[in-house]
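First residue of the sequence shown: 2, per our numbering; consecutive thereafter.
Heads up, the beta-carbon is just placed ideally off N, CA and C, and yes, glycines get one too.
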Amino acid sequence: MVPQLYCDFLQPDTTARHTFTVKPTELAYINEHLHHLNHHISNLIELRSALLHRSNQLTSPTYIVPHEVLSHIFNQANQMEWRSPQQAIVLSAVSRQWRQVALGTSKLWERVICQGPLKLYRDSSLLIQHCASYASSLDIRLLEQGYKLGAADKTFDTTTTVLSSSDVKGKLKALELQRIPSPQWIHMLPSFLRLESLSIISGHHPSVDLSSLPLSHVYLNGSTFDSLILPPSVLVLHLDDYFLDYAVILLRKCPRLIEFSSETYILTRAQLPPNLSNPLALNSLEKLVWYPAQWFMELASATGLNIPVINNLELKDSEGLKPAPFALLCHQISASLESLTLTYFSANDDWSIADLRHLFTFPIPTLRKLSLTDWSHRLILNAICALTPDEGEDGYTDRCLPKLEYLSISSQDEIFGLEFDFDYRVLNLVKRRRIGEDSPFHLDFSFCSDDDADYEAQAAWQPELLHELKEFVANRPVTITIKGGEVELDQLSTARFDDGDCSS
2 MVPQLYCDFL
12 QPDTTARHTF
22 TVKPTELAYI
32 NEHLHHLNHH
42 ISNLIELRSA
52 LLHRSNQLTS
62 PTYIVPHEVL
72 SHIFNQANQM
82 EWRSPQQAIV
92 LSAVSRQWRQ
102 VALGTSKLWE
112 RVICQGPLKL
122 YRDSSLLIQH
132 CASYASSLDI
142 RLLEQGYKLG
152 AADKTFDTTT
162 TVLSSSDVKG
172 KLKALELQRI
182 PSPQWIHMLP
192 SFLRLESLSI
202 ISGHHPSVDL
212 SSLPLSHVYL
222 NGSTFDSLIL
232 PPSVLVLHLD
242 DYFLDYAVIL
252 LRKCPRLIEF
262 SSETYILTRA
272 QLPPNLSNPL
282 ALNSLEKLVW
292 YPAQWFMELA
302 SATGLNIPVI
312 NNLELKDSEG
322 LKPAPFALLC
332 HQISASLESL
342 TLTYFSANDD
352 WSIADLRHLF
362 TFPIPTLRKL
372 SLTDWSHRLI
382 LNAICALTPD
392 EGEDGYTDRC
402 LPKLEYLSIS
412 SQDEIFGLEF
422 DFDYRVLNLV
432 KRRRIGEDSP
442 FHLDFSFCSD
452 DDADYEAQAA
462 WQPELLHELK
472 EFVANRPVTI
482 TIKGGEVELD
492 QLSTARFDDG
502 DCSS
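Set out below in structure tokens:
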């Protein structure tokens with residue numbers, strides 16, 4: 002805000018009306034008026050300066066362009082040699098007024114991204130040093146070519162020195178490291194006493210104890226440790242390409258987790274730690290994502306997993322997943338479950354209509370969102386049948402999952418075949434469940450053929466069935482989308498959509 006500055010206007014000059022018989026008296030009178038005039042001018046200059054400064058602030062891109070955008074632009078100035086000039090900007094090239102405002106805006110310097118060719122990476126320490134001088138907190142990402150730095154490289158020493166400086170240590174809140182060049186950087190981690198978010202991608206690292214840090218978010222992708230101790234403050238933990246036994250060890254160190262995901266493409270049997278006598282209690286966990294799903298089932302069975310407030314469960318890859326134990330698990334957590342996503346159920350899995358109906362018809366009183374995505378054509382038709390009330394049932398009072406307000410069903414297979422009557426099955430589901438009768442409903446579906454590499458062919462609807470669907474939902478609060486994207490129902494009569502037309 003502009004400071005409240007005031008100055009009195011100079012009073013009218015009455016010198017001419019006075020007759021001074023003594024020169025010193027006249028001089029004193031004039032000096033007094035000069036003093037008032039100088040004070041007036043000084044106040045006006047100060048007010049003008051304050052108004053100009055505020056005007057510069059309000060017209061500066063710092064106030065007009067979001068901080069995230071400007072921060073990205075300034076980071077790219079460090080990568081001019083491998084980007085076209087139109088994609089980067091040099092701070093010295095902008096106006097002095099903008100520089101003043103920019104340097105005084107802490108948020109512009111919080112994110113530091115170091116990436117690109119090795120020569121540019123060598124200059125990154127200067128960027129980190131600069132940002133540490135002007136930011137109140139730091140989010141540093143050391144990516145890509147940094148792993149080519151050697152411990153004997155002068156650049157490594159310079160970067161290490163900057164990272165271990167008091168400016169960085171006192172401000173670093175988020176750190177992402179990719180292909181760490183030396184164990185020395187791992188040993189530095191406990192010294193970042195304000196660190197809240199940590200991402201480490203790839204590599205095997207020495208033991209490190211992070212229990213004294215205020216970490217809340219941890220992401221580990223293909224990175225292993227001789228020993229890793231996480232603090233109990235961790236709320237979000239993401240693991241990619243980890244063995245099951247290692248995931249269990251880390252889970253036990255994070256009792257306050259509210260979100261956990263584990264995805265692995267390691268083609269081996271799940272291995273569990275030898276000592277599982279104590280149940281695994283994650284009493285605050287609200288969201289869980291696991292791939293492959295069978296590993297999660299083995300974990301839950303072996304550890305007596307307790308997740309009493311889970312509301313979002315996402316499981317991928319049904320290979321080895323047995324219907325009965327999985328249905329039992331869902332029923333055990335049904336009191337809090339609001340969203341269930343099951344992905345990649347293949348034609349090799351023997352999930353009958355009866356198996357799926359057992360899963361869906363057992364009371365899950367709070368489930369509002371169900372997503373069955375990327376299934377085989379045969380299994381998705383089984384699922385649609387399991388969700389559809391029988392002819393003798395009341396579709397309103399007898400329907401399973403009574404609180405459901407979002408349903409996503411999709412399949413992708415090599416060919417459709419004449420036996421895949423998706424349009425008839427979906428129409429039956431909509432009508433018998435009386436969708437949209439008592440509350441808004443969102444139905445998303447996609448039935449694709451992947452036999453053409455250039456596009457996905459959507460299953461076409463018969464005109465009479467499409468007309469019946471349109472009539473049924475015409476006056477109901479029902480939203481229909483294809484793979485998350487809005488579509489005119491008339492388009493369903495065409496045989497295919499481009500990817501851009503059927504995805505969000």
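Within-8 Å CB hit, residue 299 to chain D: Looking at the structure shown, chain D is missing, and only one protein chain is on hand.
Buried versus exposed, by CB contacts within 10 Å (16 or more), residue 169: buried
Residue 460 (DSSP reduced to helix, strand or coil): coil
Residue 304, enclosing alpha helix (DSSP H) - first and last residue: Counting along the chain, the unbroken alpha helix (DSSP H) around residue 304 starts and ends at 294-304.
Runs of beta strand (DSSP E) lying entirely within the stretch 197-272, each at least 3 residues, in chain order: 198-206, 218-226, 237-241 and 260-264
Cβ neighbours of residue 335 in the same chain (closer than 8 Å, five flanking residues each side left out): Excluding sequence neighbours, residue 335 sits near 363, 364, 365, 366, 367 and 368.
Residue closest to residue 239, alpha-carbon to alpha-carbon, out of 221, 443 and 439: 221
Cβ-based neighbour list, residue 423, same chain, cut-off 7 Å, excluding 5 preceding and 5 following: Within the same chain, residue 423 has close Cβ partners 448 and 460.
Residues that residue 307 bridges to, as DSSP identifies them: 282
Contacting residues, own chain, Cβ-Cβ under 8 Å from residue 163 (five flanking each side not counted): If we look at residue 163 and ignore the five residues flanking it on each side, its Cβ neighbours are 126, 129, 130, 133 and 169.
Buried/exposed call for residue 1, threshold 16 Cβ in 10 Å: Lying before the first or after the last residue shown, residue 1 is absent from the chain, which here runs from 2 to 505.
Secondary structure of residue 23, DSSP reduced to three states: coil
Beta-carbon separation (whole angstroms), residue 345 vs residue 370, contact threshold 8 Å: At roughly 18 Å, the Cβ-Cβ gap does not stay under 8 Å, so residue 345 and residue 370 are not in contact.
Residue 125 - partner residues in DSSP beta bridges: Beta bridge pairing from DSSP links residue 125 with no other residue.
For residue 486, three-class secondary structure by DSSP: strand
Every unbroken alpha helix (DSSP H) inside the stretch 358-431 [4 residues or more]: 378-388
Three or more C-beta pairs below 8 Å linking the stretch 320-330 and the stretch 293-310: yes
Among 60, 408 and 353, the one whose alpha carbon lies nearest that of residue 387: 353
Simplified DSSP assignment, three categories, for residue 60: In the three-state reduction of the DSSP assignment, residue 60 falls in the helix class.
Per DSSP, cross-strand counterpart(s) of residue 290: Beta-bridge partners assigned by DSSP to residue 290: 262 and 315.
8 Å contact criterion, which residue 383 and residue 357 should meet: CB distance rounded: Contact annotation, residue 383 with residue 357: C-beta distance approximately 6 Å; criterion of less than 8 Å satisfied.
Residue 377 beta carbon less than 8 Å from that of residue 351: Contact flag unset, no.
Under the three-state DSSP convention, the category residue 137 falls into: coil
Cutoff 7 Å; reference residue 285; Cβ partners in own chain excluding five residues on either side: 257, 258, 259 and 310
Burial state of residue 43, where buried means 16 or more other Cβ atoms lie within 10 Å: Residue 43 is exposed by the Cβ-count criterion.
Alpha-carbon to alpha-carbon, residue 437 and residue 474: 8 Å
Nearest-angstrom Cα separation, counted from residue 230 out to residue 207: The straight-line gap from Cα to Cα measures roughly 12 Å.
Residue 329: first and last residue of the uninterrupted beta strand (DSSP E) it sits in: Counting along the chain, residue 329 falls outside any beta strand (DSSP E), though it belongs to the alpha helix (DSSP H) covering 324-333.
Cα-Cα separation between residue 523 and residue 211, rounded to whole angstroms: In the structure as shown, the chain begins at 2 and stops at 505. Residue 523 is therefore absent and cannot be evaluated.
Those residues which DSSP pairs with residue 449 across a bridge: 413 and 459
CB contact flag (residue 389, residue 430, <8 Å): yes
Where residue 498 sits in the DSSP three-state scheme: In this prediction, residue 498 scores a pLDDT of 49, lower than 50, which makes its location untrustworthy; the coordinate-derived value is nonetheless stated afterwards. Coil.
Limits of the unbroken beta strand (DSSP E) element including residue 187: It is not in any beta strand (DSSP E) - residue 187 instead sits in the alpha helix (DSSP H) that spans 184-189.
Residue range of the beta strand (DSSP E) that includes residue 347: Note, residue 347: premise wrong, no beta strand (DSSP E); not H, not E.
Candidates 177, 482 and 213, of which the one nearest residue 194 by Cα: 213
Three-way DSSP call (helix, strand, coil) for residue 81 in this model: With a pLDDT of 44 at residue 81, under the threshold of 50, the modelled position of that residue is not reliable, and no figure is offered here.
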